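Here the structure comes first, spelled out in structure tokens, and everything after it is commentary.
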């Protein structure tokens, strides 16, 4: 049955590759726990970006949208500040996995890395899993891959007021786009991490990868609602989106 579902999805992607306009799902579900105040701002930004690229956007916080049949409608899934338990049934997780394995695109924003922390596959396809962060502070962000089309035109370094996430389960195939120097962070002594020095000195805060047949982009910046009006983050979201869906055009 699993291979049949994957075949159905793969055939749908092939047949509908030329269909216009494409459609994406902006998903915002938060399980029990902290819910960010930035969800509306991130959804508004991504809806506008999708429209600029000729994509219709459906916005939902209902896990029931994750069925094999429904997901075939979408060129990409955008986890827009989801957190904790993003799915409520094994069938929803199975539909998500089939979608990715059939070549579906995935984009994660900020707290999306805190979603499905007990399901290793989600960290695998997103590229990492949130562990903890020190106090919100002014970060010095550097380009790790300045030649990338996603970061082209951004300053080599820039200051950014945000949370700096520490991630575990980092994918070895993920290409870091932005990094923050761990040694310059304040408040590490107040974190629960036993050995923060075991994490990379240059902490990745944005990356992309090709994974299980599809494309994935993640950016960890974006805790503050007003950051979704900043041209630097808007560029990252715009070009990250374009990279995820470009091969479907």
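In the numbering used here, the protein residues as written are 69 to 317. The beta-carbon is built from N, C-alpha and C at its ideal position, and this holds for glycine as well. Note that the structure is predicted; figures quoted are calculated from it, not measured.
| Mapping DSSP to helix, strand and coil, what is residue 115? | It is helical.
| field | Extent of the continuous alpha helix (DSSP H) to which residue 231 belongs | value | Careful: residue 231 lies outside any alpha helix (DSSP H) and carries neither H nor E.
| Unbroken alpha helix (DSSP H) run spanning residue 272, endpoints | Where residue 272 is concerned, there is no enclosing alpha helix (DSSP H), although the beta strand (DSSP E) it sits in stretches over 270-279.
| In the DSSP assignment, what residue or residues form a beta bridge with residue 244? | 275
| request: Can you give me the start and stop residues for the alpha helix (DSSP H) that residue 306 sits inside? | output: 299-314
| message | Quick check on residue 248: buried or exposed, where buried means 16 or more other Cβ atoms within 10 Å of its Cβ? | response | buried
| query | Can you tell me whether DSSP reads residue 221 as helix, strand or coil? | reply | Looking at residue 221 - three-state DSSP - the assignment turns out to be coil, as it is neither helix nor strand.
| said: Output needed for residue 105: all residues of its chain with C-beta closer than 7 Å, excluding positions within five of it in sequence on either side, in chain order. | reply: 293
| message | Helix, strand or coil for residue 89? Go by DSSP, reduced to three states. | response | Annotation note: pLDDT 40 at residue 89 (below 50); position unreliable, no value reported.
| query | Terminal residues of the continuous beta strand (DSSP E) containing residue 198? | reply | 197-200
| query | Would you call residue 277 buried or exposed, if buried means 16 or more other Cβ atoms sit within 10 Å of its Cβ? | reply | buried
| task | Compare the beta carbon distance of residue 160 and residue 131 with 8 Å and say whether it is the shorter of the two. | result | yes
| query | Going along the chain, which residues of its own chain have a beta-carbon closer than 7 Å to the beta-carbon of residue 102, five neighbours each way excluded? | reply | 151
| query | Quick one: Cα of residue 167 to Cα of residue 136, how far? | reply | 7 Å
| The beta strand (DSSP E) with residue 287 in it runs from where to where? | 282-287
| message | Our contact map puts residue 171 next to residue 281 with C-beta atoms below 8 Å; I'd like the distance itself, whole angstroms only. | response | 4 Å
| message | In whole angstroms, give me the CA-to-CA distance for residue 298 and residue 230. | response | 13 Å
| query | Going by DSSP, which residues form a beta bridge with residue 175? | reply | 146 and 285
| Residues in its own chain within less than 7 Å of residue 183 by CB, not counting five upstream and five downstream? | 147, 150, 151, 152, 154 and 190
| said: Using C-beta distances below 7 Å, list every residue in its chain close to residue 259, excluding the 5 sequence neighbours before and after it, in chain order. | reply: Once the five neighbours on either side are set aside, the close Cβ partners of residue 259 are 200 and 202.
| task | Return the CA-CA distance between residue 319 and residue 257, expressed in angstroms with no decimal places. | result | The structure shown does not extend to residue 319, since the chain spans only 69 to 317, so no value can be given for it.
| message | Along the chain, where does the beta strand (DSSP E) containing residue 209 start, and where does it finish? | response | Counted as a single uninterrupted DSSP element, the beta strand (DSSP E) harbouring residue 209 occupies residues 205-211.
| request: Assign residue 305 to one of two classes, buried (16 or more other C-beta atoms within 10 Å of its C-beta) or exposed (fewer than that). | output: Buried, since its Cβ has 16 or more Cβ neighbours within 10 Å.
| task | Have a look at residue 213 and residue 226 and give me their C-alpha separation to the nearest angstrom. | result | 14 Å
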